[in-house]
């Protein structure tokens, strides 16, 4: 506890640095995954390939990816955009899978009804399928957010500042409290982001509020 | 793309191919650690998951734990136990087991839960004891989901085992960290490619096993039909 008291500023600074890489990565992976998932639900033959490919992306261990990516995209190893790009790739892989399942679960009924009412493909997607798939998309996004927060810490091994720096620094200097603080702070940031997304869902998907209350 | 050529050259370089600190040895270590960690995790999580799945007791706790564990940073666990226990294999092994348990647990209990209740009732009606129901009906039918849990645990462990070298254990992470320290890009890339290859190979092995199981389940052996 004393260590935390003396280093509150550092923990706060690192938390902000942590978020500055987490938030863009989560947002970008969501933005990139939506059109791909849309394509996967439309184009049957491509679906299995797209989903399998995203599974393979998730098989790439994070530290090697952080190291290899800069050689491919031309950033330096310590660039935070390198970290964001790698995390986006992971988030994208997770999100494509759950977004495809979510859009699939909308079913043909609403799709055909919207078609019968003369909705074009884009309008149908934005005003009918997207809201109906909303709860599933939110569930997927929450998983992406939590796992991204935890993955960011690995970037500390490359010398990029994040809460993971409390692990490397604490380990090198033998301060157990620092490592523990790092773990707690990471879990806390993950929970905070998760709660934020839940609140966002509550605001944007008002029709799910009652169902939840009735189910539990 | 020069990096890739240099990395491939590093891989086939005879000085990196032989001896106790060569990459084939590190690869074997890496695979060994990962298999051991998943085996220990299974010994803990499978009985626990079967208990939760069969009795329905402690389900909320199991779901909550698997969810919360996703937020645990693996590097944090590795360094925490590294400080606690000291450098060597023990610390990363505990961290790896801790990371693997939730996935295996989820696979085990969801596999049992997914079994059709009518099937379970039918087994009971035939006079099977609870143990027989679990061992002969629920466990085999829930195996595909357990396999899925083992798969994601394995994937996570192989990935995290790279970090084991940070607290003094071996594995492919050693080559990676050595390259990181000396700014030796070809070595870093080579080690990364090796870890990646190992992860993808394990994924394919699981995929193949799952396909084989599916095949067996949909087309029963004609000799087994009376």
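Chains as they are written, first to last, in full-length UniProt numbering: chain A, 1 to 216; chain B, 1 to 226. We put the CB at the ideal spot given by N, CA and C, even for glycine. No experiment lies behind these values; they were computed from the predicted model shown.
With respect to residue 71 of chain B, residue 186 of chain A sits close: the two C-beta atoms are nearer than 8 Å. DSSP places residue 30 of chain B within a helical segment (H, G or I) once states are collapsed to three. Counting only runs of 4+ residues, the alpha helix (DSSP H) found wholly inside the stretch 59-103 of chain B occupies 59-69 and 74-85, in chain order. Closest option to residue 160 of chain B, judged by alpha-carbon separation, among B:21, B:196, B:85 and B:56: B:196.
Inclusion of residue 157 of chain B and residue 69 of chain B in the CB contact set at 8 Å is not warranted, their separation being larger than that value. One Cα belongs to residue 84 of chain A, the other to residue 183 of chain B, and the distance between them is close to 22 Å.
By the neighbour-count criterion, in which a residue is buried when 16 or more other Cβ atoms sit within 10 angstroms of its Cβ, residue 175 of chain B is buried. Segment contact: the stretch 54-68 of chain B against the stretch 90-105 of chain B, three or more CB-CB distances shorter than 8 Å; contact assigned. When 9 Å is used as the limit between beta carbons, residue 180 of chain A is near these residues of chain B: 76 and 80, in chain order. For the stretch 133-158 of chain A, the beta-carbon criterion of a distance under 9 Å to any beta-carbon of chain B is satisfied by 143, 146, 147, 149, 150, 151, 152, 153, 154, 156, 157 and 158. Judged by DSSP secondary structure, residue 19 of chain B falls outside any alpha helix (DSSP H); it is assigned neither H nor E.
DSSP places residue 126 of chain B outside both helix and strand once states are collapsed to three, so it counts as coil. Those residues of the stretch 62-74 of chain A placed with their C-beta closer than 8 Å to a C-beta in chain B are 62, 63, 64, 65, 67, 68 and 71, ordered along the chain. Nearest to residue 93 of chain A by alpha-carbon distance, out of A:34, A:9, A:55 and A:81, is A:55.
Taking a Cβ-Cβ threshold of 9 Å, none of the residues of chain A is close to residue 129 of chain B; the smallest such distance is about 35 Å. By the neighbour-count definition (other C-beta atoms within 10 Å, threshold 16), residue 214 of chain B is an exposed residue.
For residue 58 of chain A, the enclosing alpha helix (DSSP H) begins and ends at 44-58. Rounded to the nearest whole angstrom, the CA to CA distance from residue 70 of chain A to residue 119 of chain A is 44 Å. Cβ-Cβ distances below 6 Å link residue 182 of chain A to 163, 166 and 167 in the same chain, with the five nearest sequence neighbours on each side left out; the list follows chain order. Cα atoms of residue 99 of chain A and residue 43 of chain A: separation of roughly 15 Å, rounded to the nearest angstrom. Remark: C-beta atoms of residue 33 of chain A and residue 115 of chain A do not approach each other more closely than 8 Å.
The beta carbons of residue 144 of chain B and residue 210 of chain B sit closer together than 8 Å. Note that the C-beta distance between residue 155 of chain B and residue 59 of chain A is below 8 Å.
For residue 203 of chain B, the residues of chain A that pass the 8 Å Cβ criterion are 55, 56 and 59, in the order they occur in the chain. Going by beta carbons, residue 136 of chain A and residue 101 of chain A fall inside the 8 Å limit. Shown here, residue 156 of chain A sits in a helix according to DSSP, grouped into three states. B:164 is the residue among B:164, B:113, B:75 and B:18 whose C-alpha sits nearest the C-alpha of residue 34 of chain B. Per the Cβ contact rule, the stretch 167-174 of chain B is in contact with the stretch 81-92 of chain B (3 or more Cβ pairs under 8 Å). Going by beta carbons, residue 38 of chain A and residue 177 of chain A fall outside the 8 Å limit.
Chain-ordered, the chain B residues with CB closer than 7 Å to the CB of residue 187 of chain A read 71 and 72. The beta carbons of residue 153 of chain B and residue 41 of chain B sit closer together than 8 Å. Around the C-beta of residue 124 of chain A, 16 or more other C-beta atoms lie within 10 Å, and the residue is accordingly described as buried.
For the 8 Å CB-CB criterion, residue 172 of chain B and residue 3 of chain B do not form a contact.
What residue 182 of chain B touches in chain A, judged by beta-carbon distance under 9 Å, is nothing: the nearest beta carbon there is about 13 Å away. Following the DSSP letters along the chain, one finds residue 79 of chain A in no alpha helix (DSSP H), marked with neither H nor E.
Burial state of residue 142 of chain A is buried, judged by a 10 Å Cβ sphere holding 16 or more other Cβ atoms.
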